[in-house]
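Shown next, in structure tokens, is the structure this report addresses.
2 protein chains.
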Amino acid sequence: MSQTPGSGAGQAGLLNSGAGGAGGGENLLFLTDEQLRKGIEAMFFAYRGFTADPDRILETMDYGRAHHRALHFIQRSPGTTVSNLLGILGVTKQSLNRVLRSLIDDGHVRSEKGRRDGRERHLFLTPSGEAMEKQLSDAQRARMRAAYRAAGPAAVQGFRQVLEAMMDPGLRDYYNRMRDGG
Amino acid sequence: MSQTPGSGAGQAGLLNSGAGGAGGGENLLFLTDEQLRKGIEAMFFAYRGFTADPDRILETMDYGRAHHRALHFIQRSPGTTVSNLLGILGVTKQSLNRVLRSLIDDGHVRSEKGRRDGRERHLFLTPSGEAMEKQLSDAQRARMRAAYRAAGPAAVQGFRQVLEAMMDPGLRDYYNRMRDGG
DNA sequence: TTGGAAAGTCAACAATGCTGACGTAAATTC
DNA sequence: GAATTTACGTCAGCATTGTTGACTTTCCAA
């Protein structure tokens with residue numbers, strides 16, 4: 243099982259530079275390099291905002307962004323296994339283990355040996371873990387909610403479409419299966 | 243001068259949990275916690291995809307994501323100053339200096355003492371720096387282009403609207419001033 | 001019973017953040 | 001003209017989070 247699927251965003255298109263004249267009848271001005279660069283910057287700046295609020299809270303908790311990610315996906319799929327989480331987060335088991343270790347030691351995550359398959363560990367949030375996750379999630383959702391509200395439902399739909407198209411195929415499948423549901 | 247502006251995504255809204263009944267006449271289903279969580283995951287997975295292709299190239303160059311960011315914004319605003327870049331990137335001068343130092347030493351960036359204000363250093367890409375930036379940018383734009391093409395122009399507009407609404411106000415201004423132009 | 005998968009752990013290292021302190025040059029202010 | 005502030009560079013030290021590589025334990029499945 244691979245953690246780095248095929249990618250597959252290889253083939254470039256027309257309109258590689260300059261102002262694009264409408265080539266075949268469609269208006270493809272949104273594919274100019276200029277527009278794409280603006281999109282890249284939008285992603286960069288928005289992601290900064292996206293993580294800013296939880297990061298501030300995490301600092302007071304003596305945890306980092308990696309802990310937040312683990313908490314989020316355990317909350318999302320209670321009982322998920324370590325190796326499932328590895329696939330979702332795309333890090334090495336050593337890196338994830340370090341994060342899980344501290345969360346378990348601090349009593350925020352419970353690790354339960356699998357009953358069907360004893361090698362697996364199923365992960366759950368404890369009440370204190372749930373409280374932490376909620377605090378972080380509330381902050382992040384507040385920003386998201388404000389952005390959604392400001393942009394409106396139609397924009398939100400487009401937002402989700404573009405983001406989904408930007409994912410690696412393997413992660414897109416995870417994304418679509420996650421309580422969509424499955 | 244501050245590097246961390248006001249933020250200001252504090253106030254939470256209605257519909258904080260469960261299924262939302264249309265409250266005032268508008269359909270606000272897109273603001274449910276469930277929808278917001280999906281949006282958060284979409285941001286996470288999409289950002290992974292967004293950085294994946296340049297990251298692979300950077301590995302072969304012995305540089306990291308931080309170098310890419312510097313190259314990008316110097317390309318975007320040739321002659322920009324160090325302190326301007328600090329504001330955009332949101333890191334400390336020590337952190338940025340380490341990255342710029344290696345790019346300058348390797349001949350990819352040229353630093354020129356300001357003529358009007360001798361304290362400032364204006365940054366430019368050398369030909370080799372431009373080539374590097376282009377290679378990274380091409381890869382990132384290819385993914386962006388594919389996503390844009392798959393989602394269509396209306397979705398792209400919504401995508402940009404939501405991202406812009408998600409930024410911190412200070413960065414939103416930078417974003418809008420950047421060759422929009424200014 | 002054996003091979004391999006899942007997990008945990010130790011050690012070492014790299015990239016990229018951070019703080020604090022200090023120095024220099026140049027602009028600005030008093 | 002002197003004092004202060006600003007922009008930049010740099011040294012030292014440290015934290016987080018990512019990486020390899022090696023090794024062990026557990027345990028399912030053939």
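First to last, the protein sequences are chains A and B.
Basically the numbering used here = 1-based index in the first sequence + 242.
Basically the numbering used here = 1-based index in the second sequence + 242.
Beta carbons: idealized from backbone N, C-alpha and C, even for Gly.
Can residue i and residue j be called in contact, C-beta distance under 8 Å?
i         : j         : result
Pro296(A) : Gln382(A) : yes
Ile299(B) : Leu378(B) : yes
Met420(B) : Met374(B) : no
Val324(B) : Arg352(B) : no
Asp410(A) : Ala397(B) : no
Leu227(B) : Leu367(B) : With chain B represented from 243 up to 424, any question about residue 227(B) goes unanswered, as that position is not in the structure.
Phe425(B) : Pro395(A) : An answer regarding residue 425(B) cannot be provided, because it is not within the stretch 243 to 424 covered by chain B.
Tyr416(A) : Glu406(A) : no
Using CA atoms only, rank isn't needed, just tell me which of the options is closest to residue i.
i         : options                                       : result
Ala389(B) : Asn269(B), Ala288(B), Gly306(B) and Asp275(B) : Ala288(B)
Arg318(A) : Asp347(B), Glu276(B) and Gly332(B)            : Glu276(B)
Glu283(A) : Lys280(B), Thr274(B), Leu270(B) and Ile330(B) : Ile330(B)
Leu278(B) : Thr274(A), Arg343(A) and Phe401(A)            : Phe401(A)
Leu270(A) : Leu413(B), Lys280(B), Arg414(B) and Ala393(B) : Ala393(B)
Out of curiosity, what's the CA-to-CA distance linking residue i and residue j?
i         : j         : result
His314(A) : Arg290(B) : 16 Å
Thr322(B) : Arg391(B) : 32 Å
Lys376(A) : Gln336(B) : 35 Å
His310(A) : Ala384(B) : 31 Å
Thr334(B) : Gly349(B) : 23 Å
Arg387(B) : Gln399(B) : 14 Å
Met285(A) : Arg357(A) : 43 Å
Gly371(B) : Gly332(B) : 22 Å
Ile346(A) : Pro320(B) : 49 Å
Thr274(B) : Gly281(B) : 11 Å
Met408(A) : Asp380(B) : 15 Å
Gly255(B) : Ala312(B) : With a pLDDT of only 39 at Gly255(B), under the threshold of 50, the placement of this residue in the model should not be trusted; the figure read from the coordinates follows. Near 37 Å, if we compare the C-alpha coordinates of Ala312(B) and Gly255(B).
Pro369(A) : Pro369(B) : 57 Å
So, is residue i buried or exposed, given that buried needs 16 or more other C-beta atoms within 10 angstroms?
i         : result
Asp359(B) : exposed
Lys355(B) : exposed
Arg361(B) : exposed
Arg414(A) : buried
By Cβ distance, which residues of its chain are closer than 7 Å to residue i, with the 5 residues on each side in sequence left out?
i         : result
Gly306(B) : Leu300
Ala308(A) : Val341
Less than 7 Å between the CB of residue i and some heavy atom of the ligand GDP, yes or no?
i         : result
Tyr416(A) : Annotation note on the ligand GDP: not contained in the displayed structure, which lists no ligands.
Among residues of its own chain, excluding the 5 on either side of residue i, which ones have a beta-carbon nearer than 8 Å to its beta-carbon?
i         : result
Asp344(A) : According to the sequence shown, residue 344(A) is Ser rather than Asp. The residues are Tyr305 and His309.
Ala264(A) : Its pLDDT being 40, under 50, Ala264(A) is placed unreliably by the model, and the measurement read from it follows with that caveat. Only Leu270 and Leu271 meet the Cβ criterion.
Looking only at its chain, what residues have a beta carbon closer than 6 Å to the beta carbon of residue i, apart from the 5 residues adjacent to it on each side?
i         : result
Asn457(B) : Missing from the structure shown is residue 457(B); chain B here goes from 243 to 424 and no further.
Asn258(B) : Its pLDDT being 46, under 50, Asn258(B) is placed unreliably by the model, and nothing is read from it.
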